Ligand code: EPZ
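Numbering (my numbering), first residue to last: 1 to 426.
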């Protein structure tokens, strides 16, 4: 297999009504792997990242690193990356456009090369996705930005300097870019109001293993003392809490009984508590997370997303799909992104009773019986929600737009087939 195969988008067909049973190994985390791959730019020598997920967002990032002069090779269950010859002198076009989806390259390239060119990252289906917090923080560290031909150009000719930064919002991406810019900057950087998501923690742990000096890891107050150089390491990417959560809710929704091997239980507490309120028995074991439906699917009354350790926004659509069949009414409040209810429309076509309230939340009547339909995924986590709905529905569901699902799930069909689902890529 070439280091980076092209996507093989197709359709997913599911014949629902099967209780999931058995065990499945959880893949490495997409949102930990991406910033860590960007961080390899800061290191001398080779990095070997075990359990790096084979998903299209990772392939895209690897292509970007290669286009900038990096060397990439898959070895066993991981990927090895050397970035000694990376330069941004003449940034290739796909690096400039690709940066939009791999924003965490911003901080790393400015730290390593002192300059970047990137297209203005537009919004996406789930929201506007502004980057004002990223740019403000990097300016405080000595970066000068200007616009040229509709692109953002950033320069730090004197290199980056530490700064005291207070984030107005605990932005995951902005926190990651600040850390990436600060670990080899001159002096000390303090970040107040930093994001505490496990993926930020994983990035900090990887960087400290490379020789960085980051204190406060996992908290909202980070202190980073810049160092001269960082060395490559072997590092195991933590397992993906959203993939594990997706399969947890699939087991609950199909009244199944499943062991999620190596699920990161410690980083899934809000998701586990919510599943227990909806009728799951969850047990953290040495092998991972054991989840068993207790029979009745119950409404949790309210699902409200929030920053970590709150209920993750990336789990909202999947929980919505299950709530449509739960006994009782559920209100869904999305507090992170402004447009993350797109999946409600195809779920309605499958028989769900979901209404938008005037306060911008969703009201789910519950107790409905979903039936199979031909539906289209238009973003990653909404696509995963349609898979879960298809597993629960009577009859056949056909899902198009599967390239979105492949961005984050290594092989959702194979994983779920191992649990007994009648699900196929066609
Ligand atoms: C990361 O996105 C994740 N992506 C998202 O996962 C996840 O949903 C999100 O964090 C929240 O947990 C990756 O890690 C690659 P944010 P990010 O900056 O960094 C606003 C998935 O499905 N904001 O924490 O973009 C922003 O508009 C993806 O795997 C600003 O206003 O999220 C949003 O409302 C989807 N200005 C909120 O903050 C800024 O400069 C949270 O965004 C930056 C963000």
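Cβ coordinates follow ideal geometry from the N, Cα and C atoms, glycine included.
Computed from a prediction, not measured in an experiment: that's the story for all the values here.
For residue j and residue i, the rounded distance between their alpha carbons
i	j	result
residue 45	residue 70	11 Å
residue 136	residue 11	42 Å
residue 215	residue 200	13 Å
residue 410	residue 79	14 Å
residue 425	residue 413	7 Å
residue 101	residue 130	12 Å
residue 375	residue 225	50 Å
residue 1	residue 73	Annotation note: pLDDT 36 at residue 1 (below 50); position unreliable, no value reported.
residue 156	residue 143	5 Å
residue 66	residue 326	47 Å
residue 95	residue 110	14 Å
residue 338	residue 359	12 Å
residue 35	residue 105	8 Å
residue 77	residue 62	16 Å
residue 166	residue 306	19 Å
Closest by C-alpha distance to residue i, when choosing among the options
i	options	result
residue 235	15, 51, 285	51
residue 207	336, 37, 264	37
residue 147	348, 305, 118, 380	118
residue 402	391, 258, 383	383
residue 88	115, 98, 179	115
residue 324	357, 49, 369	369
residue 68	23, 75, 76, 82	82
residue 317	387, 261, 266	387
residue 266	197, 333, 229	197
residue 186	203, 159, 167	159
residue 108	173, 126, 92	173
Local conformation of residue i per DSSP, three classes
i	result
residue 222	strand
residue 153	strand
residue 171	coil
residue 78	strand
residue 215	strand
residue 30	helix
residue 48	strand
residue 235	strand
residue 277	helix
residue 417	helix
residue 101	coil
residue 59	helix
residue 397	strand
residue 230	strand
Spatial neighbours of residue i in its chain, beta-carbon cut-off 8 Å, leaving aside the 5 residues before and after
i	result
residue 231	43, 44, 45, 210, 211
residue 263	26, 239, 241, 244, 248, 288, 289
residue 407	30, 55, 56, 57, 380
residue 294	279, 280, 281
Boundaries of the alpha helix (DSSP H) in which residue i is found, first to last residue
i	result
residue 134	132–140
residue 404	402–406
residue 249	241–253
residue 329	Residue 329 -> no alpha helix (DSSP H), and no H or E assigned at all.
residue 204	198–209
residue 317	316–323
Proximal residues to residue i (C-beta, below 6 Å), its chain only, five neighbours per side dropped
i	result
residue 372	393, 395, 396, 397
residue 153	117, 146
residue 292	257, 281
N- and C-terminal bounds of the beta strand (DSSP E) containing residue i
i	result
residue 265	Residue 265 -> no beta strand (DSSP E), and no H or E assigned at all.
residue 23	21–25
7 Å Cβ shell around residue i - same chain, five flanking residues per side excluded
i	result
residue 417	423
residue 7	The pLDDT assigned to residue 7 is 47, lower than 50, so where the model puts this residue is not dependable; a value taken from the coordinates is nonetheless given after this. Excluding positions up to five away in sequence, the list reads 56, 403, 406.
residue 163	140, 141, 189
residue 274	300, 303, 311, 319
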